[in-house]
Amino acid sequence: MTSLIDTLKKELGEKTVLTEISEDDRHLADWSGESASKPPAAIIRPASTEELSVLLKHCHKAQQAVAIQGGLSGLSAGAIPDNGELAVSLERMNCIEEIDLDAMTMTVLSGTPLQTIQEAAVDAGLSFPLDLGARGSCTIGGNVSTNAGGNQVIRFGMTRALILGLEAVLADGTVVTSLNKMLKNNAGYDLKQLFIGSEGTIGIVTRVVLRLFPKLESRCTALCALKTHADVIKLLQLSGKQLGGILSSYEVMWANYFDLVVDSVAHLHSPFDKQHAFYVLMEAEGSNQEQDTQGFQTLLEQALESGLIEDAAIAQSGKESAGFWQIRDGVGDILPALAPCANFDISVPISRMQEFLERANRILLERFPAVKILIFGHLGDSNMHYIARTGRKEDKDVIYDTIYKLVGEYSGSVSAEHGIGKLKRRYLQHSRNEIEIEMMRQLKNTFDPRGILNPGRVI
Ligand SMILES: Cc1cc2nc3c(=O)[nH]c(=O)nc-3n(C[C@H](O)[C@H](O)[C@H](O)COP(=O)(O)OP(=O)(O)OC[C@H]3O[C@@H](n4cnc5c(N)ncnc54)[C@H](O)[C@@H]3O)c2cc1C
Numbered sequence: 000m001t002s003l004i005d006t007l008k009k010e011l012g013e014k015t016v017l018t019e020i021s022e023d024d025r026h027l028a029d030w031s032g033e034s035a036s037k038p039p040a041a042i043i044r045p046a047s048t049e050e051l052s053v054l055l056k057h058c059h060k061a062q063q064a065v066a067i068q069g070g071l072s073g074l075s076a077g078a079i080p081d082n083g084e085l086a087v088s089l090e091r092m093n094c095i096e097e098i099d100l101d102a103m104t105m106t107v108l109s110g111t112p113l114q115t116i117q118e119a120a121v122d123a124g125l126s127f128p129l130d131l132g133a134r135g136s137c138t139i140g141g142n143v144s145t146n147a148g149g150n151q152v153i154r155f156g157m158t159r160a161l162i163l164g165l166e167a168v169l170a171d172g173t174v175v176t177s178l179n180k181m182l183k184n185n186a187g188y189d190l191k192q193l194f195i196g197s198e199g200t201i202g203i204v205t206r207v208v209l210r211l212f213p214k215l216e217s218r219c220t221a222l223c224a225l226k227t228h229a230d231v232i233k234l235l236q237l238s239g240k241q242l243g244g245i246l247s248s249y250e251v252m253w254a255n256y257f258d259l260v261v262d263s264v265a266h267l268h269s270p271f272d273k274q275h276a277f278y279v280l281m282e283a284e285g286s287n288q289e290q291d292t293q294g295f296q297t298l299l300e301q302a303l304e305s306g307l308i309e310d311a312a313i314a315q316s317g318k319e320s321a322g323f324w325q326i327r328d329g330v331g332d333i334l335p336a337l338a339p340c341a342n343f344d345i346s347v348p349i350s351r352m353q354e355f356l357e358r359a360n361r362i363l364l365e366r367f368p369a370v371k372i373l374i375f376g377h378l379g380d381s382n383m384h385y386i387a388r389t390g391r392k393e394d395k396d397v398i399y400d401t402i403y404k405l406v407g408e409y410s411g412s413v414s415a416e417h418g419i420g421k422l423k424r425r426y427l428q429h430s431r432n433e434i435e436i437e438m439m440r441q442l443k444n445t446f447d448p449r450g451i452l453n454p455g456r457v458i
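Okay, so the sequence shown: first residue is 0 according to numbering that gives the first Met the number 0, each after it adds one.
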């Protein structure tokens, strides 16, 4: 190890290869709540694809494992360096290289924060529609590697749908450049897909060509109160039909989540004078404010008149709309006080979601009568975040085992958007069959035969 680090220091420089690392260095942990048992021998911060290639060539030769790091906002512990791994941080590869207004693309280095990209797109008169609560800290390389979802999937798809091309470095240092800028390109295999969502197990993403969209000039946001789960689904279908494709977010909060957030987070309050069973935060974005507002209001008026919704508050300003979103994003505020708890990012086909949740709640309540359950999520994408808290650390594994098994029974996914990382590896079998897992293993072995890239993640 010492000779490898000496070689790396000589070839890449002391600024790139850091070896004085304290126990509380931020590179030791991510947002999953997990952290490394001790500091890695080095944190290596390449500033270019070429430097990263040199680094991996040496690590491959020495069979030295690395943990790849973007903005460390991941929730599956994939970026935490442990078991003698070196940390490889992309934080210095932070640059918007080109905005092509005609092709409507942006080419960026993978360590660029998502928010920087969003802002640059807006400054150019366009938009990049990937959006998630961690926008200020997550990087586009992390988003690509986890195939991040977020708040606008219902309209624009997951990260995969927003990537036209990319460049990656393979385990042996080979650089694969596939910087396609076109919407149509069927010339052979679409190699970029190998790196999207594979959580750094196949290669390290260094450059990305992003698809930009026209800037949306109008936005309508409402918080609706509903009585039943069935009504929540009906409103989703009605909105999709009536808003002519401009529905961009459909976030649902069960009362157990909504009430806790508005009661415990300072400055947040419910716009309704009584409590309801379900709350839907819906947003539509289009090109004509007057016309879109009219369509949005008509939809909500009809839903109110027919009794589909019990109440609704339409945001009258950007501030009000931000207030509604703060309730939805309030999980970040309440989570620390809920620890220890089991925290799920799961998906189940919408048609079976209610039955799944009723069964999950019943099973947990029978086993742990005092369990506190909170549910919210991107319901329009079949994705729920489900939190179960007994307050006892030792109950977490039983809860994880029980709920993930149930997810499998309902043909759901044990990871809707946060990735498998290290934390959900043993549950992958509930969402993928043996042949699928074996194919993943074969791919991993083909591209990383010495197992140095993010070992122990995903499979
Ligand atoms: C408040 C909050 C809200 C969130 N909301 C959402 C949400 O709505 N939707 C969602 O999908 N996620 C969400 N997340 C999770 C997280 O933000 C995403 O997973 C994000 O994509 C991770 O990006 P990152 O740069 O922080 O990656 P990291 O945490 O650094 O890494 C994540 C994984 O990607 C790998 N990786 C990172 N960069 C590269 C690279 N360049 N090449 C290869 N592998 C790489 C790492 O090894 C690791 O396995 C949220 C997190 C927080 C804290």
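Quick reminder that beta carbons are idealized off the backbone N, C-alpha and C, glycines included.
In the pairwise beta carbon analysis, the segment 171-179 is classified as not touching the segment 65-82: fewer than three pairs are separated by under 8 Å.
THR1 and LYS421 have their C-alpha atoms spaced approximately 27 Å apart. With a cut-off of 8 Å on Cβ pairs, the segment 411-427 is not in contact with the segment 363-373, counting fewer than three such pairs.
Rounded to whole angstroms, the separation of the alpha carbons of ARG159 and PHE194 is 10 Å.
Rounded to the nearest angstrom, the gap between the Cα atoms of LEU3 and GLU416 is 36 Å. Put simply, of LEU225, GLY140 and ILE162 the residue whose alpha carbon is nearest the alpha carbon of VAL208 is ILE162. When rounded, the separation of the alpha-carbon atoms in ALA119 and GLY379 is 28 Å. For TYR426, there is no enclosing alpha helix (DSSP H), as DSSP marks it with neither H nor E.
For SER144, the distance from the CB to the nearest heavy atom of ligand 1 is below 6 Å. Among the bridge pairs identified by DSSP, ASN342 is matched with ILE386.
About 5 Å separates the Cβ atoms of SER346 and GLY411, confirming a contact at the 8 Å cut-off.
The beta-bridge partner set that DSSP reports for CYS219 consists of ALA283. Excluding residues up to 5 positions away in sequence, LEU267 lie with their Cβ nearer than 7 Å to the Cβ of GLN325 in the same chain. Non-local beta-carbon contacts of SER350 in its own chain, meaning distances under 7 Å to residues more than five positions away in sequence, are absent.
Nearest neighbour of ARG25 by Cα position, chosen from LYS56, ILE201, GLY69 and GLU357, turns out to be GLY69. DSSP places GLY376 inside the beta strand (DSSP E), whose first and last residues are 371-376. Here LEU364 is exposed: its Cβ has fewer than 16 other Cβ atoms, across all protein chains shown, within 10 Å. GLY149 and LEU55 have their C-alpha atoms spaced approximately 31 Å apart. For SER248, the pairing in a beta bridge is given by DSSP as GLU282. Selection ILE245, LEU85 and VAL107 evaluated against LEU165 yields VAL107 as nearest (Cα-Cα). The beta-carbon distance between LEU89 and SER109, rounded to whole angstroms, is 5 Å. This is short enough to meet the 8 Å contact definition. In this structure SER217 touches GLY285 by the C-beta definition: roughly 5 Å separates them, less than 8 Å.
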